[in-house]
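J.: Input: one structure, supplied below.
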Amino acid sequence: MSGVDVQGKEIFYDLVSNLRQQYDLSIILVSHDWPLVSRYADRIVLLDRTIQYCGTPQEVFSDEKILRSYGPPVREEIDQIRVKPQIIPSGEGVGA
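Read in numbering that gives the first Met the number 0, the sequence shown has 42 at position 43, and its numbers run on one by one without any break.
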């Protein structure tokens, strides 16, 4: 989804996720947005002409072989995935 902002992508992924759950579907989605995909996918398949790796997001993004194979840019993206979101209690956010 090129040219779509983060909020638009999240709306799309939420819609697909809801359809999958509601109708018990299997969804095959092709994306290069590793951080976003990792939040929604049950399984991830990495392709480079053939299947290079298949597993859960946790398995795929914690494998050192993958980090070495795909280089520093991927390591930075995977580090984003590993960062846990912080919950800010109401009244402590921006403009509070």
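Every residue gets a Cβ at the ideal spot worked out from N, C-alpha and C, and that includes glycine. These numbers were taken from a predicted model, which means no experiment stands behind them.
Per DSSP, what are the beta-bridge partners of D47 in this structure?
T.: In the DSSP output, where bridge partners are listed per residue, D47 has T49.
J.: Leaving out the 5 sequence neighbours to the left and right, which residues in its chain are closer than 6 Å to R19 when beta-carbon positions are compared?
T.: Excluding residues within five positions, the ones whose Cβ falls inside 6 Å are I26.
J.: Rounded to a whole number of angstroms, what is the C-alpha to C-alpha distance between R67 and L24?
T.: Taking the straight line from one Cα to the other gives about 34 Å.
J.: With a threshold of 16 other CB atoms inside 10 Å of the CB of L14, please say whether the residue is buried or exposed.
T.: So L14 counts as exposed.
J.: I'd like to check one pair, Y12 with L46: are the Cβ atoms closer than 8 Å?
T.: Contact: no.
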